[in-house]
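In the working numbering, the protein residues as written are -2 to 615.
Glycine included, every Cβ here is placed at the ideal spot set by N, Cα and C.
Working notes for the structure below.
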């Protein structure tokens, strides 16, 4: 058996090397950009990477980056699991003058090998107000003075407001910071241009999908549509005055153009004269920035600070448990201490407990069950100690003292675990010798015997000259290993080729995703959640067409849907049914409480339309 591994390990090494040879670092950036345009430069690595070195940017201003993201895909085929990983490093840059801009060479380390990209040149041309936008929209770029006059975008029409729940927290105390966007204009899309600078803070994202939904707000008597776009729990790691730089986003606002309306006999025409249903709106790109935030962080008081304080700030409870109190020498015991509550859980250091010197104590196993909600971070952090007593007798362990600072009370609080009485008997196979106690565990010495019992081997001994090498089993094992290697390489290459075709992947999963949305809509219908029901139906329809025909969200209009379906020779009546369902859903979304709404009828029609269109497109 050992000889099998001697042969197998080199072959697996060769296989791993062949697969790693496919690892590459790619750069994705446009070839032509306009003066004043902000665009993205992305470096992609199809493996797990480290030590990424950013490129030099010539004639380009770096707005933000690198923003790192990792995606992994695990597949099980015929009982065999395969995994693919992709790391990406993104920069947002801005061209500021005509000529040639350059993105230098970037490098990253993967599997001990350094991968580099070649420098890339970008042609920077004079800006065109009517050019095709960065996101593929028919957008119109203007300077700030034009935004407030010719395009009608005012600071009071669209802005971001940053707020915090505490302005003078203690060091280590959790603070919730929220960034909300307020608009009086139709907002087509937006993307983060520059994230806030949280230097000096530990942070955790706590924004969920429900909080980011649109809601109405009134500010100084003016009605706005608002939504949370960025929300984090931040914990200051130092005291003093800390300024958090603003957040910036690039937004596309839809401004009504002077084009003439289409005429139609539909009763929905008056309502659907908006950017969701026609092209009478021009997309205007603009950048908006939030206000900055100043926080005055108070230091933790030194007066009455307990020796058992382990940097915990918040409100906590302590629970302890032991798996047994009666055992024999050399048998392990598990002590588990769980700290639960809300606050800086992940920053709490290991609690200190004094075990008897005759015990071998291993480093604790730390496990976290930490969750987030709109109020911040909460959950539990457990420390499990494995302890092995080497001497018999009666011992006392504990109590464990855990201290934390409670910001609400403004003082330190100490929790105490119970004491545990242990009865240790001498084991039958105990090799117990003589111990003497020192000041710490490291000073404990063992004085044993230098002669031990004969150790019996746990395997059978084979006769001499009975070799595995050159035997039938040897060649059979070798063939199997080679076949497995070839199959793995073929599967990996096929998966990589399939994933590279994003349009094909979207088309393939369009029907599945639409039916998932319809299933969720049916659940909302059974719960009489009318607004959520229509949201899911509309999302299913827009998403189905976008994925099926690989149409960007910014180009999804009623006209583009009709054109796409007509090109595929879909039945005219079926197209009309599709558009009609979409209009009825959008009407219900923006005019909730319609007494004439028929959720079940719309659901059945929506499901029927999706099934028929999918059948015709096959």
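Look at residue 408 here: in three-state DSSP terms it is strand. According to DSSP, residue 92 shares a beta bridge with 57. For residue 480, the three-state secondary structure derived from DSSP is helix. In the three-state DSSP reduction, residue 324 falls in the strand class (E or B). Residue 573 sits in a helix when the DSSP states are folded into three classes. For residue 524, there is no enclosing alpha helix (DSSP H), as DSSP gives it neither H nor E. For the pair residue 317 and residue 414, the CB atoms are nearer than the 8 Å cut-off.
Here residue 187 has 178, 226, 246, 247, 248 and 249 as same chain residues with Cβ atoms under 8 Å from its own Cβ, once five neighbours each way along the sequence are excluded. Distance from residue 394 to residue 352 at the Cβ level is roughly 6 Å; contact confirmed, criterion being Cβ atoms closer than 8 Å.
If you look at residue 609, you'll find it in the alpha helix (DSSP H) that goes 596 to 614. Scanning 85, 340 and 360 for the CA closest to the CA of residue 172 turns up 340. In the three-state DSSP reduction, residue 530 falls in the helix class (H, G or I).
For residue 563, the three-state secondary structure derived from DSSP is helix.
Residue 483 is classed as exposed because its beta carbon has fewer than 16 other beta carbons within 10 Å across all chains shown.
For residue 581, the three-state secondary structure derived from DSSP is helix. CA-CA distance, residue 164 to residue 292, rounds to 5 Å. Here the region 399 to 407 makes contact with the region 311 to 325; the two share three or more CB pairs at distances below 8 Å. Where residue 386 is concerned, the enclosing beta strand (DSSP E) starts and stops at 373 to 386. Annotation: the continuous beta strand (DSSP E) that includes residue 110 extends over 110 to 113. Cβ-Cβ separation between residue 193 and residue 244: approximately 5 Å, consistent with a contact (criterion under 8 Å). Around the CB of residue 212, fewer than 16 other CB atoms lie within 10 Å, so the residue is classed as exposed. Burial state of residue 180 is buried, judged by a 10 Å Cβ sphere holding 16 or more other Cβ atoms. One thing to note: residue 382 has its Cβ within 8 Å of the Cβ of residue 358. Here residue 332 carries a strand assignment [DSSP, helix/strand/coil].
By the Cβ test, the region 33 to 40 is in contact with the region 85 to 105, since at least three Cβ pairs between them sit closer than 8 Å.
A Cβ-Cβ contact shorter than 8 Å links residue 373 with residue 203. Around the beta carbon of residue 546, a 10 Å sphere encloses 16 or more other beta carbons of the protein chains shown; the residue is thus reported as buried. Here residue 220 is bridged, per DSSP, to 215. The beta carbon of residue 162 is closer than 6 Å to those of 173 in its chain, skipping five residues each way along the sequence.
Membership of residue 170 in any beta strand (DSSP E) is not indicated, and neither H nor E is assigned to it by DSSP. Each residue's CA atom was taken as its position, placing residue 348 and residue 364 some 14 Å apart. Inclusion of residue 32 and residue 123 in the CB contact set at 8 Å is warranted, their separation being smaller than that value. Secondary structure at residue 419: strand, using DSSP grouped into helix, strand and coil.
The three-state reading of DSSP puts residue 343 in helix, counting H, G and I together. Rounded to the nearest angstrom, the gap between the Cα atoms of residue 195 and residue 231 is 8 Å.
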